[in-house]
Structure formats: C-alpha cells, structure tokens
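Residue numbers (numbering that gives the first Met the number 0): 0 to 386. For each residue, glycine too, the CB sits at the ideal point set by N, CA and C. Treat the numbers as computed from the prediction; the structure is a model and nothing was measured.
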Amino acid sequence: MSLNNVFAAQGTTVFTVMSALAVEHGAINLGQGFPDVDGPEDIRRAAAERLIEGPNQYPPMMGIPELRQAVARHNKRFYGLDYDWQSEIIVTSGATEALSDCIMALLNPGDEAIVLEPFYDCYLPQIEQTGATVKAVSLEPPDWTVPQDTLEAAFSERTKLVVLNSPMNPASKVFGREELAVIAGLLEKYDAYAVCDEVYEHLTFDGRRHVPLAALPGMRERCLRIGSAGKTFSLTGWKVGYISGPEALVNVVAKAHQFVTFTTCPALQYGVALGLEQEDGYFDALSSELEGKRDFLRQTLEGIGLPVLACEGTYFMTADIGRFGFNGSDYDFCRHITENAKVAAVPMSVFYHPASKSKPNTLVRFCFCKRDDVMAEAASRLNAFFG
Ligand code: PMP
Ligand code: GLN
Numbered sequence: 000m001s002l003n004n005v006f007a008a009q010g011t012t013v014f015t016v017m018s019a020l021a022v023e024h025g026a027i028n029l030g031q032g033f034p035d036v037d038g039p040e041d042i043r044r045a046a047a048e049r050l051i052e053g054p055n056q057y058p059p060m061m062g063i064p065e066l067r068q069a070v071a072r073h074n075k076r077f078y079g080l081d082y083d084w085q086s087e088i089i090v091t092s093g094a095t096e097a098l099s100d101c102i103m104a105l106l107n108p109g110d111e112a113i114v115l116e117p118f119y120d121c122y123l124p125q126i127e128q129t130g131a132t133v134k135a136v137s138l139e140p141p142d143w144t145v146p147q148d149t150l151e152a153a154f155s156e157r158t159k160l161v162v163l164n165s166p167m168n169p170a171s172k173v174f175g176r177e178e179l180a181v182i183a184g185l186l187e188k189y190d191a192y193a194v195c196d197e198v199y200e201h202l203t204f205d206g207r208r209h210v211p212l213a214a215l216p217g218m219r220e221r222c223l224r225i226g227s228a229g230k231t232f233s234l235t236g237w238k239v240g241y242i243s244g245p246e247a248l249v250n251v252v253a254k255a256h257q258f259v260t261f262t263t264c265p266a267l268q269y270g271v272a273l274g275l276e277q278e279d280g281y282f283d284a285l286s287s288e289l290e291g292k293r294d295f296l297r298q299t300l301e302g303i304g305l306p307v308l309a310c311e312g313t314y315f316m317t318a319d320i321g322r323f324g325f326n327g328s329d330y331d332f333c334r335h336i337t338e339n340a341k342v343a344a345v346p347m348s349v350f351y352h353p354a355s356k357s358k359p360n361t362l363v364r365f366c367f368c369k370r371d372d373v374m375a376e377a378a379s380r381l382n383a384f385f386g
C-alpha cells in the first residue's frame, strides 16, 4: 500500500547526511549549523534546577506564562511590537514545529504559498503536505536581491502566504526596509499572510539590525513571527521556539500546535524565559563574536582562492567554487573536501525547489559558529589541502 506521497518521496536531510560523512571521515563539521559551545550557564542552570525541582508534568498548552511574557517583552524591547502574551504568543518545540503549525493553520488544498529561493529545507514538505502548491521565486546571487517583477508575477488570487526568512539561511542576507516594503505591498494587494522565520534575528553583522516584517505599517495583522532559543542562546538541541501573531491567526495556529506536540518541556521554557531577559550586552556580544568568526572564515576561504559572497547575518557563508577548477557538482565538492581535506560543508543546490531553473552548481555553504581553535584547525586543513 502506498504511504504518504510527500514524505515517502523525501531523502534524508543534507544536514544529517553531511554530519554523518564528517564523523565517518574525521572531518571538522562546517556543514550542519550548530555552535560547539553551549549557551549561557545561568540559562542552563535555571532549566536544570526546574528539571530537578519539577513539576515535570504538562505545562500550559500555549507555553508557561513566564516565557510568553518574556517573548512579549522581547518583541517590545527590540522591535516596538505589542503582542498580548495570553492570546498572541505560543511556545513550540523549536522553530520547525512553529513553522509547521503556522503553515498547517493557514493553508488549504489548492492554495498557493510563495517561498524565496534558496530556502530552508523544511518549508517545501511542510507546505506540500497541506495540499497547497509551492511557488518558488529565486533571489539571484551574488546580492540575493528580490526580483520585484518575478515576485509580483508569482502572486495570484490563490496566494495565501509567503514564507519570509530574514536573516536568511543559507543566503546570509538581512532584508532591509525597502525590500520588506515591497513584500508588504504585495501581501496587502493580494490579501495574503506571511510566515516570518526569524530564528537568526540576533545574528546580524556590521551594525545591521534585523527588521521584522511585522513592524512595517499594516503588517502586524498579516504576520506570524517565529523565533528560536536554539539560535538566540546557542542551545540548538533544546528545540524551544515561539510564535507571535495577531489573535485571529494565533487562535488557529494553537489548534495545530495542540495536536502536533501540545506543549514543550517546562524546565527548558523557564531557562529560555530567563534568557530573553538578558541585558543588551548579551545580544551584542553574540553577534560581534560571530562576526569575528565570519571574518576569519572569509580570510581563510579567500586565502585558498575561493571567492565568498556577502554575509550579513546567520551562521553561514557562501563560497563560489566556479573558478576553482573543480570538476564536479557542488555536492561532489562537499563530499570531496569532507573526505580529503577533512572539512565538511553543504551544497547550496539542496536549498532549491527540485524543479527550479535557478539551481546553482558552484555554491557551497560553510558554517562558522565554531570555537576559534576549531576554525583555526579547519583553516590549516584547508590551507594544507589547497595551498
Ligand atoms: N529556520 C531556519 C532558517 C533554520 O536555519 C532552522 C535551523 N536551525 C530552523 C528554522 C529550525 O529551528 P529549530 O531548531 O528551532 O527548530
Ligand atoms: N538549521 C541548521 C542548518 O541550516 C540545521 C538544522 C537541522 O539539522 N535540522 O544547518
């Protein structure tokens, strides 16, 4: 008997594949995006104490009040956004669950959803599983500018939502107000919503500040804004996410959440609540530390003759192997350096729709959220291999 068409057709995610290959070959893993130093000890201690003291029973379905209040205060403090913590904020088991809940809550079969290529891997199956159709609009490297005409052409009366990921994985682009305003105009014109994946909201560089689409005029009512403790507190294994949105949308998103996970580990929620109250200095240090690692990786890659694209935010940098004289695909290159240079990366083409005409063959994503000594060792391996 045939199983679910969408999931039966999926391969294993590139992150899992490349991480396994890295382990197999003793390679430094600059593929899957996760830091190798755990986030603040006070956050982990707060969670650990709660875990021991309990209760460890089902917390409220929408999330513990302390965390929902902290998310509301965080929205106000960084973006001037007002959300009612009781009716407009939901805690989820990671941004992945949050995305799934929002997509399920908004889409019906026959609807259309627009995604901007290259896009994070879970968007496509999550959308297709609802019976809606994905329309992918490609941003063109090296600048990843939004092609306004193509974007507008992708809209129709059936467009229900746009998934907007800013700061953007894997393109490392931080959307500015002008481009956000174009998207906002189209959402209004076509009466559509946005699912805003903002997990890298605090990882922006060179003085850039993240602007949520929800902060633009008229957009609060159309946006579901998603954050994740994984990225903001370097605790990717915790899988604690949060959604902020207008009550009319959040009501239905909560219905999806109650049947997907129902709730999220209470002890971890206490830890994240404490985290969101950290002083500004914490958030500034997070991005400035990463910025230094980004610069180091850029020097390393340029030093071996690999040109890199601009990196405005996130954990990732894109290198172009086009003029590197490598005979093979981006995927072959990643395999090659994992097995031989002992440094792993991921191919960009996996972040494109299978039918995309814009799929690149020469772009490779490297992750730089690793300890300085690990980055230095990766550099010396790359230098030794290519130098
Ligand atoms: N969105 C993007 C763009 C991501 O890169 C990731 C993975 N880190 C997620 C969502 C998933 O976040 P979480 O681990 O909180 O589920
Ligand atoms: N978001 C991480 C990345 O882009 C991977 C998360 C995962 O493995 N699902 O590398």
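8 angstroms Cβ cutoff met for residue i and residue j
i: Glu-220; j: Pro-245; result: yes
i: Leu-308; j: Pro-34; result: no
i: Arg-334; j: Met-347; result: no
i: Tyr-153; j: Val-181; result: In the sequence as presented, Tyr is not what sits at residue 153; that position holds Ala. Result no, Cβ atoms of Ala-153 and Val-181 do not sit closer than 8 angstroms.
i: His-24; j: Glu-338; result: yes
i: Cys-368; j: Val-252; result: no
i: Ser-286; j: Leu-202; result: yes
i: Leu-381; j: Ile-303; result: yes
i: Phe-232; j: Pro-59; result: no
i: Pro-124; j: Gln-298; result: no
i: Leu-289; j: Asp-37; result: no
i: Asn-74; j: Leu-80; result: yes
i: Thr-95; j: Cys-121; result: yes
Residue i, DSSP secondary structure in three states
i: Ala-135; result: strand
i: Glu-278; result: coil
i: Ser-86; result: coil
i: Gly-236; result: helix
i: Thr-231; result: helix
i: Thr-299; result: helix
i: Leu-29; result: coil
i: Ser-243; result: strand
i: Cys-101; result: helix
i: Tyr-119; result: coil
i: Thr-91; result: strand
i: Thr-15; result: helix
i: Tyr-269; result: helix
i: Ile-126; result: helix
i: Arg-72; result: helix
i: Ala-255; result: helix
i: Ala-378; result: helix
i: Gly-62; result: coil
i: Gly-226; result: strand
N-terminal and C-terminal residue of the beta strand (DSSP E) that residue i is part of
i: Arg-364; result: 362-366
i: Leu-163; result: 158-164
i: Phe-315; result: 315-319
i: Ile-113; result: 111-116
Rounded distance between the beta-carbons of residue j and residue i, thought under 8 angstroms
i: Leu-138; j: Glu-156; result: Not confirmed; about 24 angstroms, so no contact.
i: Glu-178; j: Val-145; result: 5 angstroms
i: Pro-211; j: Tyr-330; result: Pro-211 to Tyr-330, Cβ: 34 angstroms. No contact.
i: Ala-389; j: Glu-276; result: Outside the shown range of the chain (0 to 386) lies residue 389, about which nothing can therefore be said.
i: Gly-274; j: Ala-228; result: 6 angstroms
i: Ala-255; j: Met-103; result: 4 angstroms
i: Val-198; j: Gly-175; result: Rounded, the Cβ-Cβ distance is 19 angstroms, inconsistent with contact.
i: Phe-385; j: Pro-169; result: About 22 angstroms separates the two Cβ atoms, so there is no contact after all.
i: Tyr-82; j: Ser-243; result: 5 angstroms
i: Ser-99; j: Val-259; result: 6 angstroms
Where the alpha helix (DSSP H) containing residue i begins and where it ends
i: Glu-200; result: Element bounds for Glu-200: n/a, residue is neither H nor E.
i: Ile-51; result: 40-52
i: His-335; result: 329-335
i: Val-210; result: Element bounds for Val-210: n/a, residue is neither H nor E.
i: Leu-186; result: 176-188
i: Asn-55; result: Where Asn-55 is concerned, there is no enclosing alpha helix (DSSP H), given that its DSSP letter is neither H nor E.
i: Val-349; result: First-last for Val-349: undefined, no H or E at that position.
i: Leu-150; result: 147-153
i: Phe-6; result: 4-7
Beta carbon proximity, residue i to chain C, threshold 8 angstroms
i: Phe-33; result: Annotation note: the requested chain C is absent from the structure, which comprises a single protein chain.
Three Cβ pairs or more, each shorter than 8 angstroms: is that satisfied between the region 22-32 and the region 323-342? yes
Does the contact criterion of 3 or more C-beta pairs under 8 angstroms hold for the region 256-276 versus the region 32-52? yes
Just checking, does the region 153-162 make contact with the region 187-199 on the three C-beta pairs under 8 angstroms criterion? yes
Within 8 angstroms, do at least three Cβ pairs link the region 90-109 to the region 126-141? yes
Does the contact criterion of 3 or more C-beta pairs under 8 angstroms hold for the region 310-317 versus the region 194-209? yes
Taking three-plus beta-carbon pairs below 8 angstroms as touching, is the region 223-240 in contact with the region 253-268? yes
Pairs of beta-carbons, one from the region 91-100 and one from the region 291-304, closer than 8 angstroms: are there three or more? no
Between the region 313-326 and the region 349-368, do at least 3 Cβ pairs fall closer than 8 angstroms? yes
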